[in-house]
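Protein chains in written order, with the working numbering: chain L, 1 to 151; chain P, 152 to 302; chain E, 303 to 384; chain U, 385 to 466.
We put the beta carbon where it would ideally sit given N, CA and C, even for glycine.
No experiment lies behind these values; they were computed from the predicted model shown.
See structure below.
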Amino acid sequence: MSVSVQQAAFDLGQELAGFGQGQDDNPRRNIGAVVSFTGFVRDDSGALDHMLIEHYPGMTERAIGQIVDEAVQRWSLGDVRVIHRYGVLKPGDQIMMVATAARHRVAAFEAAEFLMDYLKSRAPFWKKEVNADGSEWVAAKDEDEDALRRW
Amino acid sequence: MSVSVQQAAFDLGQELAGFGQGQDDNPRRNIGAVVSFTGFVRDDSGALDHMLIEHYPGMTERAIGQIVDEAVQRWSLGDVRVIHRYGVLKPGDQIMMVATAARHRVAAFEAAEFLMDYLKSRAPFWKKEVNADGSEWVAAKDEDEDALRRW
Amino acid sequence: MIDVMYFAWVRERIGVPKEQIETSATTVADLVEELRAREPRYEAAFADLSALRVALDQDLSEFNAPLAGVSEVAFFPPMTGG
Amino acid sequence: MIDVMYFAWVRERIGVPKEQIETSATTVADLVEELRAREPRYEAAFADLSALRVALDQDLSEFNAPLAGVSEVAFFPPMTGG
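So this is what it looks like as structure tokens:
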């Protein structure tokens with residue numbers, strides 16, 4: 001299990017290489033399914049200059065750690081990886097990723113969706129969109145809060 | 152959209168690098184979410200020597216193509232990648248992958264699960280487990296057939 | 303003449319992956335009856351139709367489907383992809 | 385003395401990310417009332433509590449929670465991670 005809160009970009013391929021499969025000298029053979037989610041900065045209007053992501057150092061790691069622990073227990077995960085960036089991000093940049101490893105596909109999918117739903121509304125990040133005319137904090141969506149109810 | 156049915160291994164990182172984000176000289180900025188699923192050969196008992204995957208050349212590509220077209224329409228996907236291997240696979244080897252790119256996370260997740268559920272039961276692949284004592288065709292599971300009902 | 307293909311344990315029981323068959327069967331079910339009457343290996347492969355699937359010209363189909371215009375019939379167990 | 389932290393537009397309205405406050409408030413809501421009475425910038429930040437969330441020692445909490453034993457209070461809008 002590993003959680004990173006960082007400014008730096010990450011390499012999805014590098015993060016997923018061998019993920020869930022143990023070490024070369026101690027391979028695990030009980031993982032049948034790996035699911036990954038990667039979030040990107042969208043710019044539907046073409047007006048976005050950049051996105052600014054603020055976070056609450058300390059609480060961020062703590063909140064994500066709790067969410068990850070719950071997912072590991074609930075879906076008997078073999079491995080979890082969470083990376084969430086903060087700072088200045090440009091359109092098309094990767095914002096964050098989660099990956100889950102489990103015996104079967106349903107567990108890997110559900111756990112990844114659970115992690116995403118909780119990261120959206122329970123990890124202390126705030127997004128601000130900055131364009132030529134000014135800037136605006138992204139408002140939380142009711143549907144994101146509602147998404148937590150299914151878990 | 153791209154579908155490959157192949158014997159060769161694939162590099163997940165390479166497949167996902169830039170996936171859904173358009174070309175460097177013509178970037179797309181309307182993709183906020185990429186989901187990938189990778190399936191591995193499990194060996195829970197430690198007795199598996201290898202898995203043999205048989206398929207129906209021609210029909211395989213056709214069936215997967217139909218499933219992909221349906222997913223693209225239904226979830227307005229920006230991109231889809233499907234790779235499914237056949238032949239001899241060892242424990243821990245990657246069997247297949249799907250990746251979906253969409254504006255939002257719910258669409259990317261649902262489309263990937265839809266593709267997996269259909270690949271499981273509607274793409275003409277058959278798995279045989281081979282160990283020291285002999286070999287056995289993997290039986291289809293009722294739960295995999297049931298999984299199609301939700302779509 | 304029609305191309306008939308077999309996959310997985312159906313192929314193993316019948317012993318060949320593909321053969322050309324001269325038939326006047328009008329449905330898949332009729333063709334299956336013709337094959338079962340031929341030799342024990344066909345009887346063994348087609349003993350339980352509920353364990354089998356059929357594709358006509360590479361599209362999943364049903365055992366009561368007509369064979370008119372079909373050039374390739376394939377028999378196999380339920381798929382186990384993914 | 386208690387550390388009080390502000391994030392996102394709450395931080396922007398109040399003008400500082402963090403400050404130490406001498407308070408005898410017994411609940412978060414009491415602390416909010418004290419701050420609102422101080423200056424218009426606090427009044428502006430805390431005008432609508434339904435638009436705010438609070439964390440006590442880095443755990444999400446409620447406005448009616450007691451402050452006893454708490455060393456760090458943070459106010460911020462609903463999170464927008466992911």
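Identify whether E/Ile304 lies in helix, strand or coil by the three-state DSSP scheme. strand
From the DSSP output, read off the bridge partner residues of P/Ala252. P/Val185, P/Asp230
Smallest Cα separation from L/Lys90: which of L/Ala17, L/Trp151, L/Ala147, L/Asp43? L/Asp43
Is there at least one Cβ from chain P nearer than 8 Å to E/Pro342's Cβ? no
Residues sharing a beta bridge with E/Asp361, DSSP: E/Leu358
Return the Cβ separation of L/Ala101 and L/Ala112 in integer angstroms, given the expectation that the two are a contact with Cβ distance under 8 Å. 10 Å between Cβ atoms; not a contact.
Using a Cβ distance threshold of 8 Å, determine whether the region 50-67 of chain L contacts the region 432-449 of chain U, with at least three qualifying pairs required. yes
Would you mind giving the Cβ-Cβ distance between P/Gly148 and P/Val185, rounded to the nearest angstrom? I have them listed as a contact below 8 Å. With chain P covering 152 to 302 only, the question about residue 148 of chain P has no answer from this structure.
Is the Cβ-Cβ distance between P/Ala355 and P/Ser272 less than 8 Å? Within the shown structure, residues of chain P are numbered from 152 to 302, placing residue 355 of chain P beyond reach of any answer.
By DSSP, does P/Lys271 sit in helix, in strand, or in coil? helix
Tell me, please, whether the region 118-134 of chain L touches the region 53-61 of chain L by the rule of three or more beta-carbon pairs shorter than 8 Å. When C-beta atoms of the region 118-134 of chain L are compared with those of the region 53-61 of chain L, three or more pairs fall below 8 Å, so the two segments count as touching.
On the premise that L/Val130 lies in contact with L/Asp153, defined as a C-beta separation below 8 Å, what is that separation, rounded to the nearest angstrom? Missing from the structure shown is residue 153 of chain L; chain L here goes from 1 to 151 and no further.
Helix, strand or coil: how does DSSP classify P/Ser196 here? Three-state result, P/Ser196: coil.
Have a look at the DSSP bridge pairing and note the partners of L/Ser135. Residue pairing for L/Ser135: DSSP places it in a beta bridge opposite L/Val130.
Report yes if the C-beta distance between L/Arg81 and L/Val98 is below 8 Å; otherwise report no. yes
Which term fits L/Ser36, buried or exposed, when burial requires 16 or more other beta carbons within 10 angstroms of its beta carbon? buried
Assign U/Ser433 to one of two classes, buried (16 or more other C-beta atoms within 10 Å of its C-beta) or exposed (fewer than that). Here residue 433 of chain U turns out to be Leu, not Ser, going by the sequence shown. U/Leu433 is exposed by the Cβ-count criterion.
Simplified DSSP assignment, three categories, for P/Met247: strand
When the Cα atoms are used, what is the spatial distance from E/Ala327 to P/Glu212? 29 Å
Tell whether a beta-carbon distance below 8 Å holds between U/Ala429 and U/Arg397. Yes, the pair counts as a contact, with Cβ atoms nearer than the cut-off.
Who are E/Lys320's beta bridge partners in DSSP? E/Met307
Does the distance from the CB of E/Gly384 to the CB of P/Met202 come in under 8 Å? no
Euclidean distance between Cα positions of E/Glu324 and E/Ile304: Straight-line measurement puts the Cα of E/Ile304 at about 7 Å from the Cα of E/Glu324.
Under 8 Å between C-beta atoms, does P/Met248 make it to chain E? No, its Cβ sits nowhere closer than 8 Å to a Cβ of chain E.
Reference E/Arg343, options E/Pro380, E/Thr382, E/Phe309, E/Gly317, closest by Cα: E/Gly317
Using a Cβ-Cβ cut-off of 6 Å (strictly less than) and excluding sequence neighbours within five positions of E/Val334, which residues of its own chain qualify? Phe348
Taking U/Val544 as part of the alpha helix (DSSP H), name the residues at either end of that continuous run. For chain U, the structure presents residues 385 to 466; residue 544 of chain U sits outside this window and is missing.
Can you pull the chain E neighbours of P/Leu270, defined as C-beta to C-beta under 8 Å? Going along chain E in sequence order, the residues near P/Leu270 (Cβ under 8 Å) are Gly383, Gly384.
Take the Cβ of E/Arg355 as the centre, count every other Cβ of all protein chains shown within 10 Å, and call the residue buried at 16 or more, exposed below. buried
Determine the DSSP secondary structure at L/Met51, reduced to helix, strand or coil. strand
By the three-class DSSP mapping on this structure, what secondary structure does L/Ser2 have? strand
Would you grab the beta carbon distance between U/Asn448 and U/Ala392 for me? Rounded to a whole angstrom, and I think it's under 8 Å. With 8 Å as the limit, U/Asn448 and U/Ala392 do not qualify as a contact, their Cβ atoms being about 23 Å apart.
U/Phe459 CB to nearest chain L CB: under 8 Å? no
With distances taken between CB atoms, is the gap from L/Arg29 to P/Gly243 smaller than 8 Å? yes
Would you mind telling me which residues of chain P sit closer than 7 Å to L/Glu113, beta carbon to beta carbon, in chain order? Phe260
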